[in-house]
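Some notes on the structure that comes next.
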Amino acid sequence: GEDVEQSLFLSVREGDSSVINCTYTDSSSTYLYWYKQEPGAGLQLLTYIFSNMDMKQDQRLTVLLNKKDKHLSLRIADTQTGDSAIYFCAETRMDSSYKLIFGSGTRLLVRP
Amino acid sequence: DARVTQTPRDKVTEMGQEVTMRCQPILGHNTVFWYRQTMMQGLELLAYFRNRAPLDDSGMPKDRFSAEMPDATLATLKIQPSEPRDSAVYFCASARDSPYNEQFFGPGTRLTVL
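Protein sequence lines correspond, in order, to chains W and Z. Position one of the first sequence corresponds to residue 711 (this note's numbering), numbered consecutively onward. Position one of the second sequence corresponds to residue 3 (this note's numbering), numbered consecutively onward.
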């Protein structure tokens, strides 16, 4: 994931908001995604945003996209212990719409 | 509900042995991906197929790895001979044609090469 970067770790208290950040380098990105990986499981799509949008809200999740700065964030409101997992940012590009470029993942730990 | 299945879930083998991992994509999905996940390298795309044809295997060490789709319901990833550095979790994912290209991941095969 050298073209998609994320911080490695985030720790929050239960009930607080979590914000996970991601930067990408390719301006031809068409869709950007957040995937969640729980221990011992595969990745699961949480949400996605098309590159011509700047915000998407889905229940407790808010995705913000700043195309100028190539910055994507995922905000989880009222974070629960069940949200503890690894969160991957990913992008697809115009030249290869089937392939996802993943970041290295941010491990979110929610403390009771 | 429809899921990607992978077998085996865990495999322990000795260096030099052949390893075959299998994946059954979701019925109707026409794109299949193989990924490898390690602590050091993170998630790496090894290869992917569209309509059973290999599209890109540039992420795969060619001398020992091979990936095939003998039919639309089965994808295989083979390592021969295996080495300790191949120890990782190998994920298969499948997708169907859609504007946003959601990939559905299997539970993974945890491979340990001694």
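The C-beta atom is built at its ideal place from N, Cα and C for all residues, glycine as well.
{"Check": "Whether or not the region 64-81 of chain Z and the region 24-32 of chain Z are in contact is what I'm after, with contact meaning three or more pairs of Cβ atoms, one per stretch, closer than 8 Å; do they touch?", "Outcome": "yes"}
{"Check": "So within the region 732-805 of chain W, which uninterrupted beta strand (DSSP E) runs reach at least 3 residues, ignoring any that extend past its ends?", "Outcome": "739-747, 753-760, 765-768, 771-776, 781-786, 795-803"}
{"Check": "Quick one: Cα of V91 (chain Z) to Cα of K809 (chain W), how far?", "Outcome": "19 Å"}
{"Check": "With 8 Å as the threshold, decide whether the Cβ of Y734 (chain W) is near any Cβ in chain Z.", "Outcome": "no"}
{"Check": "Strictly by DSSP, which residues pair up with T114 (chain Z)?", "Outcome": "Z:V14"}
{"Check": "Would G711 (chain W) count as contacting chain Z if we go by Cβ distances under 8 Å?", "Outcome": "Reliability of the predicted coordinates at G711 (chain W) is poor, the pLDDT of 43 falling under 50, and no value is obtained from them."}
{"Check": "Can you say whether G711 (chain W) is buried or exposed, counting buried as having 16 or more other CB atoms within 10 angstroms of its CB?", "Outcome": "Residue confidence for G711 (chain W) is low, a pLDDT of 43 falling below 50, so the modelled location carries little weight; the figure read from the coordinates is stated next. Buried, since its Cβ has 16 or more Cβ neighbours within 10 Å."}
{"Check": "Compute the beta-carbon to beta-carbon distance between K780 (chain W) and T735 (chain W), rounded to the nearest angstrom, for a pair I have assumed lies under 8 Å.", "Outcome": "6 Å"}
{"Check": "Where DSSP assigns a beta bridge to G44 (chain Z), which residues make up the other side?", "Outcome": "Z:T40"}
{"Check": "Is the Cβ of F67 (chain Z) closer than 8 Å to any Cβ of chain W?", "Outcome": "no"}
{"Check": "Could you give the distance in angstroms between the alpha-carbon of Q716 (chain W) and the alpha-carbon of G44 (chain Z)?", "Outcome": "12 Å"}
{"Check": "Please identify, using Cβ separations under 7 Å, the residues of the region 765-790 of chain W that lie next to chain Z, in order along the chain.", "Outcome": "none"}
{"Check": "Applying the 10 Å Cβ sphere with the 16-neighbour rule, what's the burial state of E801 (chain W)?", "Outcome": "buried"}
{"Check": "From the beta carbon of Y797 (chain W), is the nearest beta carbon of chain Z less than 8 Å away?", "Outcome": "no"}
{"Check": "Keeping to the same chain, check which residues put their C-beta closer than 7 Å to that of A74 (chain Z); ignore five residues upstream and five downstream.", "Outcome": "R54"}
{"Check": "What are the residues of the region 44-57 of chain Z that lie near chain W, defined by any Cβ-Cβ distance shorter than 8 Å?", "Outcome": "G44, L45, L47, Y50, R52, L57"}
{"Check": "Verify the CB distance criterion: does D3 (chain Z) have a CB-CB separation below 8 Å to chain W?", "Outcome": "no"}
{"Check": "Helix, strand or coil: which one does DSSP assign to D59 (chain Z)?", "Outcome": "coil"}
{"Check": "Which residues in the same chain as F67 (chain Z) place their Cβ atom closer than 6 Å to its Cβ, once the five residues preceding and following it in sequence are excluded?", "Outcome": "I81"}
{"Check": "Can you tell me the Cα-Cα spacing of D88 (chain Z) and T791 (chain W), whole angstroms?", "Outcome": "33 Å"}
{"Check": "Give a yes or no on whether the minimum CB-CB distance between Y102 (chain Z) and chain W is below 8 Å.", "Outcome": "yes"}
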